[in-house]
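Trainee: I'd like to ask you about the structure that follows.
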Amino acid sequence: MDVYISGKISGKTQQEAEADFGKYAEIIQAAGHTPVNPMKNGLPFDAPWEDHMERDLEMLRASDAICLLPDWVESCGAKIELHQALEIRMPVLNDSNLRLYLEQANHQGVQQEDSRSKILRNIERSYKMQQGTIKDPSQKHNL
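Written out as C-alpha coordinates, the structure is:
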(Lines of atoms letter the chains of each structure in order from A and count residues from 1; the text may use other names and numbers.)
(Lines give C-alpha, C1' and ligand atoms only; values in the text may rest on other atoms or scores of the structure.)
Protein backbone atom coordinates (compact mmCIF):
# COMPACT_ATOMS: atom_id res chain seq x y z
CA MET A 1 0.00 0.00 0.00
CA ASP A 2 1.30 3.47 -0.91
CA VAL A 3 0.93 6.04 1.90
CA TYR A 4 1.36 9.72 1.02
CA ILE A 5 2.92 11.81 3.80
CA SER A 6 1.46 15.31 4.27
CA GLY A 7 2.65 18.07 6.56
CA LYS A 8 4.22 21.48 6.86
CA ILE A 9 7.24 22.17 4.66
CA SER A 10 7.12 25.94 4.04
CA GLY A 11 8.90 27.86 6.78
CA LYS A 12 11.20 24.95 7.63
CA THR A 13 14.74 24.32 6.52
CA GLN A 14 15.23 21.48 4.09
CA GLN A 15 16.92 19.47 6.84
CA GLU A 16 14.03 19.98 9.27
CA ALA A 17 11.42 18.98 6.69
CA GLU A 18 13.43 15.95 5.56
CA ALA A 19 13.78 14.79 9.17
CA ASP A 20 10.05 15.19 9.90
CA PHE A 21 8.92 13.41 6.74
CA GLY A 22 11.70 10.83 7.01
CA LYS A 23 10.53 9.73 10.47
CA TYR A 24 7.10 8.82 9.14
CA ALA A 25 8.54 7.29 5.98
CA GLU A 26 10.53 4.91 8.19
CA ILE A 27 7.42 3.93 10.18
CA ILE A 28 5.46 3.23 7.00
CA GLN A 29 8.30 1.29 5.40
CA ALA A 30 8.96 -0.73 8.57
CA ALA A 31 5.32 -1.85 8.46
CA GLY A 32 5.85 -3.22 4.96
CA HIS A 33 4.22 -0.40 3.02
CA THR A 34 5.56 2.22 0.61
CA PRO A 35 5.97 5.78 1.85
CA VAL A 36 5.21 8.46 -0.72
CA ASN A 37 7.33 11.37 0.43
CA PRO A 38 6.77 14.80 -1.18
CA MET A 39 10.29 15.75 -0.07
CA LYS A 40 11.39 13.33 -2.79
CA ASN A 41 9.17 14.68 -5.56
CA GLY A 42 12.11 15.36 -7.88
CA LEU A 43 11.91 19.15 -7.62
CA PRO A 44 14.52 21.39 -5.99
CA PHE A 45 13.57 22.36 -2.43
CA ASP A 46 13.40 26.03 -3.46
CA ALA A 47 11.22 25.47 -6.55
CA PRO A 48 7.99 27.53 -6.64
CA TRP A 49 5.29 26.39 -4.20
CA GLU A 50 2.81 25.96 -7.05
CA ASP A 51 5.14 23.54 -8.83
CA HIS A 52 5.54 21.51 -5.65
CA MET A 53 1.78 21.40 -5.09
CA GLU A 54 1.10 20.24 -8.64
CA ARG A 55 3.63 17.42 -8.36
CA ASP A 56 2.59 16.53 -4.80
CA LEU A 57 -1.10 16.28 -5.71
CA GLU A 58 -0.20 13.93 -8.56
CA MET A 59 1.70 11.77 -6.06
CA LEU A 60 -1.21 11.91 -3.61
CA ARG A 61 -3.78 10.82 -6.21
CA ALA A 62 -1.62 7.81 -7.07
CA SER A 63 -1.50 6.75 -3.39
CA ASP A 64 -3.80 4.54 -1.30
CA ALA A 65 -3.87 6.60 1.93
CA ILE A 66 -2.68 9.93 3.33
CA CYS A 67 -0.76 10.31 6.59
CA LEU A 68 -0.98 13.73 8.25
CA LEU A 69 2.02 14.88 10.26
CA PRO A 70 1.25 16.61 13.57
CA ASP A 71 1.93 20.07 12.07
CA TRP A 72 -0.38 19.63 9.06
CA VAL A 73 -2.81 22.27 10.36
CA GLU A 74 -0.10 24.91 9.90
CA SER A 75 0.22 24.14 6.19
CA CYS A 76 -1.95 25.46 3.36
CA GLY A 77 -0.57 22.71 1.13
CA ALA A 78 -1.42 19.95 3.61
CA LYS A 79 -4.96 21.32 3.94
CA ILE A 80 -5.35 21.18 0.16
CA GLU A 81 -3.98 17.62 0.17
CA LEU A 82 -6.39 16.57 2.93
CA HIS A 83 -9.31 18.09 1.03
CA GLN A 84 -8.28 16.18 -2.11
CA ALA A 85 -7.91 12.94 -0.11
CA LEU A 86 -11.36 13.34 1.44
CA GLU A 87 -12.87 14.08 -1.97
CA ILE A 88 -11.68 10.71 -3.27
CA ARG A 89 -12.52 8.92 0.01
CA MET A 90 -8.91 8.11 0.77
CA PRO A 91 -8.12 6.83 4.27
CA VAL A 92 -6.74 9.61 6.50
CA LEU A 93 -4.02 8.52 8.90
CA ASN A 94 -2.26 10.39 11.72
CA ASP A 95 -0.26 9.73 14.88
CA SER A 96 -3.19 8.12 16.68
CA ASN A 97 -4.17 5.59 14.01
CA LEU A 98 -1.18 5.14 11.67
CA ARG A 99 0.34 2.01 13.21
CA LEU A 100 -3.06 0.38 13.80
CA TYR A 101 -4.15 1.00 10.21
CA LEU A 102 -0.90 -0.37 8.79
CA GLU A 103 -1.17 -3.47 10.99
CA GLN A 104 -4.79 -4.00 9.95
CA ALA A 105 -3.84 -3.51 6.32
CA ASN A 106 -1.19 -6.20 6.64
CA HIS A 107 -3.46 -8.55 8.56
CA GLN A 108 -6.70 -8.14 6.65
CA GLY A 109 -5.41 -7.54 3.14
CA VAL A 110 -6.61 -4.04 2.37
CA GLN A 111 -6.68 -4.95 -1.32
CA GLN A 112 -10.06 -6.57 -0.69
CA GLU A 113 -12.76 -3.91 -1.02
CA ASP A 114 -14.86 -5.11 1.92
CA SER A 115 -11.91 -4.99 4.32
CA ARG A 116 -10.82 -1.63 2.98
CA SER A 117 -14.31 -0.17 3.41
CA LYS A 118 -14.49 -1.34 7.02
CA ILE A 119 -11.11 0.15 7.84
CA LEU A 120 -12.01 3.37 6.03
CA ARG A 121 -15.17 3.74 8.11
CA ASN A 122 -13.13 3.25 11.30
CA ILE A 123 -10.55 5.81 10.21
CA GLU A 124 -13.23 8.33 9.19
CA ARG A 125 -14.96 7.85 12.54
CA SER A 126 -11.67 8.40 14.37
CA TYR A 127 -10.93 11.52 12.31
CA LYS A 128 -14.40 12.99 12.86
CA MET A 129 -14.15 12.32 16.60
CA GLN A 130 -10.82 14.17 16.68
CA GLN A 131 -12.32 17.08 14.74
CA GLY A 132 -15.26 17.26 17.15
CA THR A 133 -17.96 16.45 14.60
CA ILE A 134 -18.68 13.28 16.58
CA LYS A 135 -18.36 13.77 20.31
CA ASP A 136 -19.41 10.30 21.41
CA PRO A 137 -18.54 6.95 19.80
CA SER A 138 -22.18 5.91 20.23
CA GLN A 139 -23.02 8.53 17.56
CA LYS A 140 -21.04 6.61 14.92
CA HIS A 141 -24.20 5.84 12.95
CA ASN A 142 -24.33 9.54 12.01
CA LEU A 143 -21.29 9.30 9.69
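For the record, in the sequence shown the residue sitting at position 141 is 480 according to the numbering used here, with numbers rising by one throughout. Ideal Cβ positions, reconstructed from N, Cα and C, are used throughout, including at glycine. Predicted model, so just to flag it, every value in this text is computed and none were measured.
My understanding is that ASP410 touches GLY346, with C-beta atoms under 8 Å, so please give their C-beta distance in whole angstroms.
Mentor: ASP410 to GLY346, Cβ: 5 Å. Contact.
Trainee: Apart from the five residues just before and just after SER402, which ones in its own chain have a Cβ nearer than 6 Å to its Cβ?
Mentor: Taken in chain order, the residues that qualify are ASP341, TYR343 and VAL375.
Trainee: Whole angstroms is fine: what's the gap from ALA417's alpha carbon to CYS406's?
Mentor: The straight-line gap from Cα to Cα measures roughly 10 Å.
Trainee: Find the nearest neighbour of HIS422 within the set ARG400, LYS362 and ALA369, judged by alpha-carbon distance.
Mentor: Selected option, being the one with the closest Cα: ARG400.
Trainee: Could you name the residues that DSSP lists as bridge partners for SER345?
Mentor: Beta-bridge pairing links SER345 to LEU407.
Trainee: Does the structure place the segment 430-441 close enough to the segment 352-359 that three or more beta carbon pairs sit under 8 Å?
Mentor: With the cut-off at 8 Å, the segment 352-359 and the segment 430-441 do not touch.
Trainee: Taking the alpha helix (DSSP H) that ILE304 belongs to, which residues open and close that run?
Mentor: One cannot answer for residue 304 here, as it falls past the ends of the chain, which runs 340 to 482.
Trainee: Rounded to whole angstroms, what's the CA-CA distance from PRO377 to ILE427? Just pull it up for me.
Mentor: C-alpha separation (whole angstroms): 19 Å.
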